[in-house]
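To keep things clear, I will list the structure first and then write my remarks on it.
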Amino acid sequence: MMQPWGELEKLKWFESQSIKRNYKTDVLDKIKNFDTRFVLFEYGRLSINPDRYPLFLVHTKNVDRSKPTVLITGGVHGYETSGITGAMRMVDTQFD
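Counting in my numbering, the sequence shown runs from 95 upward without gaps.
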């Protein structure tokens, strides 16, 4: 039967880990590339590290009131980036 990890096992696991993704290069740099096509608005920052984790709204420059309004959200949980990656891909390929 498996036993829960103790503090030593947790520490050994933590020390064996390495950073696999970078919010600046994987998210912020890509969002900032949208600035010629969209309006970027920083609406907040994560309290865990405000200087490192700004939050952005990407808004169309060409508002057409006859078209439906769409809200797309995407975030990162741990190292799972599919939410933000998918949201950025949709903005990049489907909207103007």
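We treat Cβ as the ideally placed atom computed from N, Cα and C, and that holds for glycine.
These numbers come from a predicted model, not from an experiment.
Neighbour-count burial assignment, residue i, 16 or more Cβ in a 10 Å radius
{"i": "Phe135", "result": "exposed"}
{"i": "Met182", "result": "buried"}
{"i": "Phe272", "result": "Residue 272 lies beyond the residue range present for the chain, which begins at 95 and ends at 190; the question has no answer from this structure."}
{"i": "Val185", "result": "buried"}
{"i": "Val121", "result": "buried"}
Same chain only: Cβ atoms within 6 angstroms of residue i, ignoring 5 sequence neighbours per side
{"i": "Ile125", "result": "Phe150"}
Close Cβ partners of residue i (< 8 angstroms) along its chain, the five nearest in sequence each way excluded
{"i": "Tyr117", "result": "Arg146, Tyr147 and Val170"}
{"i": "Tyr137", "result": "Leu149, Phe150 and Leu151"}
Length of the line joining the Cα atoms of residue i and residue j
{"i": "Leu102", "j": "Ser176", "result": "32 angstroms"}
{"i": "Gln111", "j": "Asp158", "result": "48 angstroms"}
{"i": "Pro98", "j": "Gly172", "result": "21 angstroms"}
{"i": "Lys155", "j": "Lys161", "result": "14 angstroms"}
{"i": "Lys106", "j": "Arg115", "result": "21 angstroms"}
{"i": "Thr179", "j": "Lys104", "result": "30 angstroms"}
Residue i, enclosing beta strand (DSSP E) - first and last residue
{"i": "Phe108", "result": "Here Phe108 belongs to no beta strand (DSSP E); instead the alpha helix (DSSP H) covers Glu101 to Glu109."}
{"i": "Val170", "result": "First-last for Val170: undefined, no H or E at that position."}
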